Amino acid sequence: MKLTLVTGLTGLLLLGTIVELLRRRQLREKYGMLWLAVLVVVIPLSLFPRLLDNVAELLGVASGVSLVLFLGIVFLLLVCVHLSWEVSALEEETRTLAEDFALLRAEIDADRAARDELVSTDG
Amino acid sequence: MVNGKRTLIIIPALNESGSIADVVGEVRGELPGVDVLVVDDGSTDRTAAVATAAGATVAKLPYNLGVGGAMRLGYRYARDHNYDVAIQIDADGQHDPRYVPKLVDLLDDNDLVIGARFAGEGDYTVRGPRRWAMVMLSAVLSRVAHTKLTDTTSGFRAANRRVIDMFATWYPAEYLGDTVETLVHTARRGYRIRQVPVAMRKRMAGTPSHSPARAMIYLGRAFAVLTLALIRR
Ligand SMILES: Nc1nc2c(ncn2[C@@H]2O[C@H](COP(=O)(O)OP(=O)(O)OP(=O)(O)O)[C@@H](O)[C@H]2O)c(=O)[nH]1
Ligand SMILES: [Mg+2]
Chain R
1 MKLTLVTGLT GLLLLGTIVE LLRRRQLREK YGMLWLAVLV VVIPLSLFPR LLDNVAELLG
61 VASGVSLVLF LGIVFLLLVC VHLSWEVSAL EEETRTLAED FALLRAEIDA DRAARDELVS
121 TDG
Chain U
1 MVNGKRTLII IPALNESGSI ADVVGEVRGE LPGVDVLVVD DGSTDRTAAV ATAAGATVAK
61 LPYNLGVGGA MRLGYRYARD HNYDVAIQID ADGQHDPRYV PKLVDLLDDN DLVIGARFAG
121 EGDYTVRGPR RWAMVMLSAV LSRVAHTKLT DTTSGFRAAN RRVIDMFATW YPAEYLGDTV
181 ETLVHTARRG YRIRQVPVAM RKRMAGTPSH SPARAMIYLG RAFAVLTLAL IRR
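Protein chains in written order, with the UniProt record's numbering: chain R, 1 to 123; chain U, 1 to 233.
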């Protein structure tokens with residue numbers, strides 16, 4: 001009973017945090033939706049840990065709790081992979097930005113040099 | 001100038017080299033004295049070059065930011081160059097620039113004016129889940145904005161200075177955020193929104209961004225975005 005209370009409260013706390021972050025626009029929609037979906041699965045499980053026992057039996061896993069642990073680890077791994085993918089995309093984007101910036105600076109410098117040239121030949 | 005107001009037409013474009021020249025040409029022909037800004041959102045075709053040749057100012061983004069990202073750039077440009085009115089028009093030729101003076105007229109008493117299909121003019125129709133999504137969005141957003149809105153995802157909108165200032169600093173880049181969320185946000189802050197019936201034409205060239213297969217996903221996302229927009233501050 002005590003355990004259910006602890007896990008249930010943890011789940012609700014997480015839910016509250018995510019909803020609040022979304023409300024304050026600190027979390028992009030796509031990530032917010034992902035975590036909300038996870039919580040929709042996790043909260044009932046935290047209240048009724050035996051919920052998955054049938055599924056576990058079907059898959060040949062000894063208990064629902066180990067199944068949850070297994071699925072949790074797989075899910076976290078997937079999240080890590082996804083984040084690496086996002087970071088790679090971001091790195092590619094900053095690289096493009098840096099190039100654009102350097103090209104712009106080169107153009108401005110060339111313009112300025114040309115103008116200075118004109119001024120010195122005039123004067 | 002449209003009705004004595006300095007007006008900027010903002011056209012977000014992604015791979016629209018087939019239609020952008022005609023659209024820019026038509027806008028400049030129908031509305032002499034307006035400025036046209038094409039925001040090229042990382043197109044892989046010749047959109048930027050074609051638009052420049054047609055007489056538009058082109059802002060070229062280094063990579064794709066989506067319609068919302070392109071539009072915030074457009075509104076920033078409008079704010080920094082002191083325009084009275086900024087009008088968003090699609091690059092595919094579906095919006096008829098002859099409606100622009102009508103939109104601008106209504107800005108005297110409103111802050112954001114939307115050119116809406118399904119409001120009497122024209123015969124544009126949509127079916128299936130995409131239609132259900134539109135009906136749901138219209139019903140909810142009409143209540144939030146205290147005005148009848150039948151086409152909440154329309155990309156044909158006119159904004160006055162107050163709204164330009166707001167959109168220049170806040171404009172979501174997320175899918176559907178650029179239409180649905182901006183409406184909720186604008187209405188919540190007490191700005192007046194109005195719609196004007198417009199006839200919608202067939203796109204001139206290129207491919208539409210929505211396929212029928214994605215209609216169901218569209219419905220789900222529309223629901224999610226709307227819920228989120230309503231609980232957000
Ligand atoms: N900046 C930018 N513009 C885009 C992007 N995707 C589409 N657009 C532009 O947004 C406008 C509307 O796109 P459409 O594909 O016609 O979408 P729609 O009008 O809602 O759908 P249809 O009824 O199928 O034409 C066009 O001017 C496109 O060029 C994008 O990723 N970035
Ligand atoms: Mg279109």
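C-beta: ideal position from N, C-alpha, C; glycine also.
None of the values given here were measured: they were computed from a predicted structure.
- Reducing DSSP to helix, strand and coil, say where U/ALA168 ends up. helix
- Beta-carbon separation of U/ILE10 and U/ILE87 under 8 Å? yes
- Query: Say the cut is 7 Å; is the CB of U/GLN94 nearer than that to a heavy atom of ligand 2?
  - Reply: yes
- Query: Beta-carbon of R/ASP100 versus every beta-carbon of chain C: anything under 8 Å?
  - Reply: Of the protein chains in the structure, R and U, none is chain C.
- Message: Checking 8 Å against the spacing of the C-beta atoms, do U/ARG194 and U/LEU106 come in under that value?
- Response: yes
- Message: ligand 1 and U/PRO12: does any heavy atom of the ligand fall closer than 7 Å to the residue's C-beta?
- Response: yes
- Query: Mind checking if U/ILE231 is an interface residue toward chain R, Cβ cutoff 8 Å exclusive?
  - Reply: yes
- Query: So what's U/ARG194 in DSSP terms, helix, strand or just coil?
  - Reply: strand
- What residue range is occupied by the uninterrupted alpha helix (DSSP H) comprising R/ASP53? Segment 53-59, the alpha helix (DSSP H) holding R/ASP53.
- Contacts of R/ARG23 in chain U (Cβ-Cβ under 9 Å): LEU228, ILE231, ARG232 and ARG233
- Task: Compute every distance between the C-beta of U/GLU26 and the non-hydrogen atoms of ligand 1, then say whether any falls below 7 Å.
- Result: In this structure, U/GLU26 has its beta carbon at no less than 7 Å from each heavy atom of ligand 1.
- Message: For ligand 2, is there any heavy atom lying closer than 7 Å to the beta carbon of U/ASP90?
- Response: yes
- Message: So, under 8 Å CB-CB, U/SER17 and U/VAL58 are touching, yes? Tell me the CB distance rounded to an integer number of Å.
- Response: Incorrect: roughly 12 Å between the Cβ atoms, too far for contact.
- Query: So, using beta-carbon positions, are U/ASP116 and U/PRO197 closer together than 8 Å?
  - Reply: In the sequence as presented, Asp is not what sits at residue 116 of chain U; that position holds Ala. Against a cut-off of 8 Å, the Cβ pair of U/PRO197 and U/ALA116 comes out as a contact.
- Message: 8 Å is my cut-off, CB to CB: does R/THR17 come that close to chain U?
- Response: no
- Provide the residue span of the beta strand (DSSP E) that contains U/LYS60, from first to last. First-last of the beta strand (DSSP E) with U/LYS60: 57-61.
- Query: Nearest chain R C-beta to residue 245 of chain U closer than 8 Å, yes or no?
  - Reply: Outside the modelled stretch of chain U, which goes from 1 to 233, sits residue 245 of chain U, for which no answer is possible.
- Task: Select from U/LEU176, U/GLY66, U/MET71 and U/GLU26 the residue whose C-alpha is nearest the C-alpha of U/ALA168.
- Result: U/MET71
- Message: In the DSSP output, which residue or residues are listed as bridge partners for U/GLY115?
- Response: U/VAL196
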